[in-house]
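A.B. asks:
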Amino acid sequence: QNFLNNYSNTVGVGLRYSTPIGPVRIDFGRNLNPVPGINPNQYYITIGQAF
Numbered sequence: 009q010n011f012l013n014n015y016s017n018t019v020g021v022g023l024r025y026s027t028p029i030g031p032v033r034i035d036f037g038r039n040l041n042p043v044p045g046i047n048p049n050q051y052y053i054t055i056g057q058a059f
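Residue numbers (our numbering): 9 to 59.
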């Protein structure tokens, strides 16, 4: 299967903030080539260190 057939362009922004309980991360991404039936917007919120 050709890799380029599944290629998708995305853009996004993220915010990091240090708190007493650990870092907080908020990310937003948008798929520029949306697939029907899948939300083109993605949100991620995490608390703590990434592994």
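For each residue, glycine too, the CB sits at the ideal point set by N, CA and C. Keep in mind the model is a prediction, meaning the values are calculated, not measured.
Measure the Cβ-Cβ separation of Ile-53 and Ile-34 and say whether it is below 8 Å.
C.D. replies: Mapped onto the sequence shown, residue 53 falls at position 45. Mapped onto the sequence shown, residue 34 falls at position 26. Taking 8 Å as the Cβ cut-off, Ile-53 and Ile-34 qualify as a contacting pair.
A.B. asks: Name, in chain order, the residues that DSSP records as bridge partners for Tyr-25.
C.D. replies: Residue numbering aside, residue 25 sits at position 17 when the sequence shown is read from its first letter. Answer is Val-32.
A.B. asks: What's the C-alpha gap between Val-32 and Gln-50?
C.D. replies: For this step, residue 32 is matched to residue 24 along the sequence shown. For this step, residue 50 is matched to residue 42 along the sequence shown. For Val-32 and Gln-50, the distance between alpha carbons rounds to 17 Å.
A.B. asks: Among Gly-56, Arg-38 and Ala-58, which one has its Cα closest to the Cα of Ser-16?
C.D. replies: Taking the sequence shown and counting its residues from 1, the one referred to as residue 16 is at position 8. Comparing Cα positions, the closest option is Arg-38.
A.B. asks: With DSSP as the reference, label Asn-14 as helix, strand or coil.
C.D. replies: Position 6 of the sequence shown holds residue 14. Asn-14: helix per DSSP, three-state reduction.
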